[in-house]
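19 is the number of the first residue of the sequence shown in the numbering used here; add one for each residue after it. Don't be surprised by glycine CBs; every beta carbon is placed ideally from N, CA and C. None of the values given here were measured: they were computed from a predicted structure.
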Amino acid sequence: MKYSIWFKNYLKNPLKLGAIFPSGEHLARKMTEHLEYWNGGHIVELGPGTGSFTEAILQRGVSEDRLILIEQSLDFVVYLKSKYPLATVIHGDALDLQKHLLSYGVDEVESIVSGIPLVSIGRNLGARICDNSFEVLKSGGTISQVTYFMVCPVQDEIIDKHRAKKQFSGIVIKNLPPAFVWILLKQ
19 MKYSIWFKNY LKNPLKLGAI FPSGEHLARK MTEHLEYWNG GHIVELGPGT
69 GSFTEAILQR GVSEDRLILI EQSLDFVVYL KSKYPLATVI HGDALDLQKH
119 LLSYGVDEVE SIVSGIPLVS IGRNLGARIC DNSFEVLKSG GTISQVTYFM
169 VCPVQDEIID KHRAKKQFSG IVIKNLPPAF VWILLKQ
C-alpha cells in the first residue's frame, strides 16, 4: 500500500516528491540521528510522505503524541493518520507552519525533520519554508534537511539571519537515489 500511494503521487507531480522512491531505512536513520538527545519537546516533520522518517523518529524514542506531521498530499495524510493515530497529522502547506502549530497551541518546537525537496521547489519557495521553520524552532533546536545534491539547500542568508550553524551530516549511499543530509542548529 505504501508504494502504491507513493507512485500515484509521484505520477501526479514528481517535483513535489523530489525522489523517485520513498526514502530508505538508512537515510531515515541518518536524518534522525540528532534526535537521540530528544528533550520531550515537539518534533515537526515536513513532507512526511509515507512515513519513512516518521518511523525512524519514533524509533529514536520520540513519543508519538509529540510528533506533528505536515503534508500536502491528502492521500499521504489519510495513510499517516491511520498509521500514526496519536500523532498530529496536518493536511497543509509548510509555508503556513506557524499558523498550523498555533492552531494546536504550539509556539515553538525542539526539532524539524524536513523531507521537502528544497532544490526542486525553487529558491524563493524554499527560502520562505526555511525562514518559517527557523521562526518556530527554539534556541538550540535543530533542522535536519535531506537533499540529493552535495551543497546545503538552505541559503546562507537564511542561516545567517537566524544565527544558525550548518553542518554536513553525511551522505547515504544506500538510498535510491543517494542522499545528503544537513543539520542546521539554531543558536
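Assigned secondary structure, residue i (DSSP; H/G/I helix, E/B strand, else coil)
| i | result |
| --- | --- |
| E126 | coil |
| S41 | coil |
| L155 | strand |
| I191 | coil |
| F186 | strand |
| P167 | It is worth fixing the name first, because residue 167 is Phe in this sequence and not Pro. Coil at F167, not helix or strand. |
| T72 | helix |
Euclidean distance between Cα positions of residue i and residue j
| i | j | result |
| --- | --- | --- |
| R78 | E175 | 31 Å |
| V169 | T50 | 19 Å |
| Y97 | P66 | 11 Å |
| V53 | F71 | Inspection of the sequence shows that residue 53 is occupied by Leu rather than by Val. Rounded to the nearest angstrom, the two C-alpha atoms are 12 Å apart. |
| I147 | K179 | 14 Å |
| G144 | L115 | 13 Å |
| K117 | D111 | 10 Å |
| I161 | H109 | 21 Å |
| K156 | S129 | 8 Å |
| G42 | Q163 | 15 Å |
| N57 | I177 | 23 Å |
| N142 | P40 | 25 Å |
Spatially closest choice to residue i from the options, by CA coordinates
| i | options | result |
| --- | --- | --- |
| V8 | R84, L155 and S132 | Because the chain is modelled from 19 through 205, residue 8 falls outside the range shown and cannot be assessed. |
| G123 | H180, H60 and L113 | H60 |
| S151 | W56, A182 and P40 | A182 |
| K192 | L119, R47 and S22 | R47 |
Those runs of the beta strand (DSSP E) which lie wholly inside the stretch 79-151 and span at least 3 residues: Correct list: 85-89, 106-109 and 127-132.
The stretch 154-168 / the stretch 82-96 touching (three or more Cβ pairs under 8 Å): Contact fails: fewer than three Cβ-Cβ distances are below 8 Å.
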